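Report on the structure given below.
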Amino acid sequence: MGTIPVIDFSLFTSDPKECARQIGEASKDIGFFYIKNHGVCQDLIDRLFSCSERFFQQPLESKNRYLMKDLFHGYSPINAETLDLENQRQGDLKETFDIMKHTMNEESTKYFVQGDVAEQEKVVNFYKTLHRLANNILQCFAIALEIPESAGGRYFFDNSHQLESPCLTDLRFLHYPPQSCDPETPLCGSHTDYGSVSLLIQKDVGGLEVQASRTHKDVPWIPVPVIPNAILVNIGDHLQMWTNGLLKSTKHRVTYDPQQHYRPRYSTGFFLFANADTKLDPIPSPLITQEMRAEAVEFEEGRNMTAGEYVAWRIKRTYA
């Protein structure tokens with residue numbers, strides 16, 4: 001596959017089975033798809049991009065006031081995170097600020113919005129809106145996977161992805177400063193996402209690439225262009241483990257783009273993780289067989305962990 005499909009998410013309301021079918025097909029193949037008509041207000045997106053720009057333009061000593069530590073939230077400077085541990089010679093050429101459910105109303109988030117209470121309320125609204133959207137996408141997966149009504153049907157994933165439950169679900173603002181580095185140097189190393197599903201909003205500068213196959217490592221990487229008013233969705237490791245590899249947690253990276261030479265790159269990611277105590281065993285779908293597990297060995301190391309343990313383990317490795 002050479003392109004990433006665009007799905008009209010208004011189908012979730014008008015024809016949920018068709019919406020689920022399209023999402024399921026994309027997720028078995030490349031593991032990435034765009035959604036349009038997703039219901040997230042563009043004015044809110046633009047406002048928080050402006051907020052993100054103002055924060056990252058501050059001096060480093062100011063941003064370091066809420067430096068990310070063991071709790072996986074706050075500010076992370078350039079080179080702090082290394083996502084491709086096998087191949088990277090240096091850390092990622094990006095800086096980030098992470099906001100979690102339990103920190104939305106704390107001083108660190110207030111500092112990110114530079115004390116603007118109205119902006120802090122917008123961040124809270126944004127987090128909750130993306131959480132609801134991600135859960136609606138999970139309902140599509142449940143429909144596509146034909147989970148029986150006796151196990152919860154389309155609402156199967158709801159209990160394991162509750163907003164009120166302890167988890168590491170993360171709203172991340174990212175900034176890639178202009179670079180004049182070797183074009184072969186990744187700005188963000190090749191990796192998979194750790195959770196259930198990820199939502200990515202790219203502002204105006206591209207550079208994201210996806211490896212189109214998990215089984216054939218020599219396939220070319222394909223670019224992921226910026227599509228106005230669309231949100232990019234991809235499968236995380238949780239879903240690949242729950243489905244014994246039927247759904248693909250696809251590797252992706254950010255590379256040098258000619259535009260990056262003189263323009264910064266901004267993006268916003270929302271990473272939905274299951275409740276911390278959720279097990280990563282195969283889910284009750286007639287489409288998932290035990291035989292498939294023998295082929296889905298990439299994440300076998302995480303099978304005996306809970307969702308929270310797995311995510312914490314993966315994050316700690318990237319900041320080692």
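As numbered in full-length UniProt numbering, residues 1 to 320 make up the sequence shown, in order. We put the beta carbon where it would ideally sit given N, CA and C, even for glycine. In this text, all values refer to a predicted model and were calculated from it rather than measured experimentally.
Contact annotation, residue 201 with residue 250: C-beta distance approximately 18 Å; criterion of less than 8 Å not satisfied.
Looking only at 218, 102, 257 and 309, the smallest Cα-Cα distance to residue 178 is reached by 257. Each residue's CA atom was taken as its position, placing residue 252 and residue 232 some 12 Å apart. Less than 8 Å divides the Cβ of residue 273 from the Cβ of residue 168. Residue 125 carries a helical assignment under DSSP once its states are collapsed to helix, strand and coil. Where residue 268 is concerned, the enclosing beta strand (DSSP E) starts and stops at 265-272. Residue 75 is bridged by DSSP to 67 and 97.
Between residue 176 and residue 63, the C-beta spacing is not below 8 Å. With 16 or more other CB atoms across the displayed protein chains lying within 10 angstroms of its CB, residue 240 is buried. Unbroken alpha helix (DSSP H) stretches of 4 residues or longer found wholly inside the stretch 230-254: 237-242, given in chain order. The C-alpha of residue 207 lies about 15 Å from the C-alpha of residue 191.
Between the C-alpha atoms of residue 115 and residue 316 there is a straight-line separation of about 30 Å. With a 10 Å radius around the Cβ and a threshold of 16 neighbouring Cβ atoms, residue 102 comes out exposed.
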